[in-house]
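2 protein chains.
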Amino acid sequence: MKKISVDLRIIGVVHSPYKITKDVPRRCKKEISEIEIYKEYEQGLKDIEGFTHIHILYWLHKSTGYSLHVNTPWDDSPRGLFTTRSPHRPNPIGHTTVELVERKGNILKVKGLDAIDDTPVMDIKPYVKKFDMKTHAVSGWLEKTDLKGD
Amino acid sequence: MKKISVDLRIIGVVHSPYKITKDVPRRCKKEISEIEIYKEYEQGLKDIEGFTHIHILYWLHKSTGYSLHVNTPWDDSPRGLFTTRSPHRPNPIGHTTVELVERKGNILKVKGLDAIDDTPVMDIKPYVKKFDMKTHAVSGWLEKTDLKGD
Chain A
79 MKKISVDLRI IGVVHSPYKI TKDVPRRCKK EISEIEIYKE YEQGLKDIEG
129 FTHIHILYWL HKSTGYSLHV NTPWDDSPRG LFTTRSPHRP NPIGHTTVEL
179 VERKGNILKV KGLDAIDDTP VMDIKPYVKK FDMKTHAVSG WLEKTDLKGD
Chain B
79 MKKISVDLRI IGVVHSPYKI TKDVPRRCKK EISEIEIYKE YEQGLKDIEG
129 FTHIHILYWL HKSTGYSLHV NTPWDDSPRG LFTTRSPHRP NPIGHTTVEL
179 VERKGNILKV KGLDAIDDTP VMDIKPYVKK FDMKTHAVSG WLEKTDLKGD
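Just so you know, the protein sequences line up as chains A and B, in that order.
Take the first sequence: its letters are residues 79 to 228, numbered as in the numbering used here.
Take the second sequence: its letters are residues 79 to 228, numbered as in the numbering used here.
Below you can see the structure in the form of structure tokens.
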């Protein structure tokens, strides 16, 4: 098994109303979380208030182990792990696109972050509509589930 | 500085027409890359052929150092790192949403991947329109640049 040994830098931490994984709703849309970016990285947030949406990459620090076939809450068939957002992955890196509600200094108030309280944040990237919006995307087996859209 | 020491698992590798970073066009849309998922992870790809778009997370293995203010090719102002897709980041984790053109066993043929040849792949996640498409997103300073849309 190929691995890379690295020191990941924690650039911030999530303050969330969800204290444990089971608290996170399947469709996490309305609750506000705060992302505290540590002061040493705050300058990297320059200009971010102009963006309505951002990508958050975080470390799924409660994740343990993984299975390549996953039973999801959405239907009764085991699905390939890489077609799911299961937090149990070979590399427990979480990714969510959130709405940026407000920036106050090093604190980002965001909507729709399905990470639990105290989750370490690894990166923030801008949501760029011209790159990231795939109008004609088809989402495989998830199309047939009762996921509700925005 | 807070860090986590981890062994990241490499789940696959990128085979790309771009051999070095300078080969990657600013708007990487048309070229086809192949993602070879290592056999031990292949079962995690079950059902993926039903998805037209997927998120690729990869390790920016040529990245060295970073600056919190970045000069981008898009305009003349230094921008906050976290509003850019610069490969030089505190954690060199790349993220691109690509079109899945074809799957053949453990090989994914994708369009729009701006990763260079031999890039280690860390994760694949489904692009789920109902989660990932932000129709009303505004992309800050990037709105005023000559980024062309799809």
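Beta carbons are placed, not taken as given, at the ideal position from N, Cα and C, and that holds for glycine.
- Assignment of A:E109 by DSSP, reduced to helix, strand and coil, places it in the coil class.
- If you draw a 10 Å sphere on the C-beta of B:M79, you find fewer than 16 other C-beta atoms in it, and that means exposed.
- Rounded to whole angstroms, the gap between the alpha carbons of A:L178 and A:T130 is 5 Å.
- In the DSSP assignment, A:K189 falls within the beta strand (DSSP E) that extends over 185-189.
- Contact note: B:L86 reaches chain A through K81, I82, V84, N169, using a C-beta cutoff of 7 Å and chain order.
- The continuous stretches of alpha helix (DSSP H) do not include A:K203, which lies in the beta strand (DSSP E) extending over residues 198-204.
- Apart from sequence neighbours up to five positions away, the residues of its chain that approach A:L159 with a beta-carbon distance below 6 Å are L146, V148, ordered along the chain.
- Not a single CB atom of chain B sits nearer than 8 Å to the CB of A:I98.
- Secondary structure note for B:D85: its beta strand (DSSP E) is the uninterrupted segment 81-87.
- Around A:P198, the same chain offers I88, V91, Y136, W137, H139 as residues with beta carbons nearer than 7 Å, after the five sequence neighbours per side are excluded.
- In this structure, A:G218 lies near B:P204, with their beta-carbon atoms less than 8 Å apart.
- If you look at B:K208, you'll find it in the alpha helix (DSSP H) that goes 207-210.
- Ranked by Cα distance from B:K108, the options B:K117, B:D85, B:H214, B:L191 are led by B:L191.
- Looking at B:D224, B:T150, B:V102, B:I194, the one whose alpha-carbon comes closest to that of A:K208 is B:D224.
- Close partners of A:H147 in chain B (Cβ separation under 9 Å): Q121, G122, K124.
- B:L135 carries a strand assignment under DSSP once its states are collapsed to helix, strand and coil.
- With contacts defined by Cβ atoms closer than 8 Å, A:T150 and B:I126 do not form a contacting pair.
- Taking all protein chains in view, the Cβ of A:R157 is crowded by 16 or more other Cβ atoms within 10 Å, so the residue is classified as buried.
- Judged by DSSP secondary structure, B:H93 falls within the beta strand (DSSP E) whose first and last residues are 90-93.
- Per the coordinates, the alpha-carbon of A:H133 lies some 24 Å from the alpha-carbon of B:L186.
- Buried is the label assigned to A:D201, since at least 16 other Cβ atoms lie within 10 Å of its Cβ.
- Straight-line measurement puts the Cα of A:D101 at about 24 Å from the Cα of A:S155.
- Here B:T142 carries a coil assignment [DSSP, helix/strand/coil].
- Within chain B, the residues P168 have their CB atoms less than 7 Å from the CB of A:I89, given in chain order.
- Counted as a single uninterrupted DSSP element, the beta strand (DSSP E) harbouring B:T175 occupies residues 171-182.
- Judged by their CB atoms, B:N184 and B:E112 are not nearer to each other than the 8 Å cut-off.
- The C-beta distance from B:T175 to A:K212 rounds to 6 Å, short enough to meet the 8 Å contact threshold.
- Per DSSP, A:H166 lies in no beta strand (DSSP E) and is assigned neither H nor E.
- Pairing B:E180 with A:G143, the inter-Cα distance amounts to about 29 Å.
- With a threshold of 16 other beta carbon atoms within 10 Å, A:I194 meets it and is buried.
- In chain order, N184 place their CB closer than 8 Å to the CB of B:K117, counting only its own chain and leaving out the 5 sequence neighbours on each side.
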